[in-house]
Amino acid sequence: MQEDQERTMVFPAAAKRVLEARDILANVYKALREKGYNPVGQIAGFLLSGDPVYITAHKNARSLIRRLDRMEVLEELVRYYMENALQIE
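Structural data, given as structure tokens:
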């Protein structure tokens with residue numbers, strides 16, 4: 123047990139980016155809902171256009187989402203949907 127606690131865990135950079143993107147999207151989604159917006163429509167508008175005005179500044183959501191590469195987010199969303207909603211691997 124002691125030996126397990128002393129080992130360093132390594133996260134691949136790609137896995138870390140996916141977790142960061144998920145966290146950012148969750149926070150942006152919550153901020154949009156709190157302000158009364160349709161989060162799915164607003165995030166989709168941002169991803170398609172790249173225009174940050176689709177995202178509220180509430181809770182720093184606009185700054186957060188600008189940290190993400192839109193193509194990486196779209197790829198992750200499609201991958202997640204295909205694997206989870208459609209059960210395609």
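Position in the sequence shown (first residue = 1) + 122 = the working numbering.
Glycine residues also receive a C-beta, built at the ideal position from the N, C-alpha and C atoms.
Bear in mind that the values here come from a model prediction, so they are computed numbers and not experimental data.
Beta-carbon separation of residue i and residue j under 9 Å?
{"i": "residue 194", "j": "residue 148", "result": "no"}
{"i": "residue 208", "j": "residue 183", "result": "no"}
{"i": "residue 176", "j": "residue 168", "result": "yes"}
{"i": "residue 174", "j": "residue 165", "result": "no"}
{"i": "residue 181", "j": "residue 138", "result": "no"}
On the DSSP letters alone, give me the boundaries of the alpha helix (DSSP H) that residue i sits inside.
{"i": "residue 162", "result": "161-171"}
{"i": "residue 202", "result": "192-202"}
{"i": "residue 177", "result": "Element bounds for residue 177: n/a, residue is neither H nor E."}
Could you tell me how far apart the beta carbons of residue i and residue j are, in whole angstroms, since I believe they sit closer than 8 Å?
{"i": "residue 172", "j": "residue 192", "result": "6 Å"}
{"i": "residue 198", "j": "residue 140", "result": "6 Å"}
{"i": "residue 190", "j": "residue 146", "result": "6 Å"}
{"i": "residue 178", "j": "residue 157", "result": "5 Å"}
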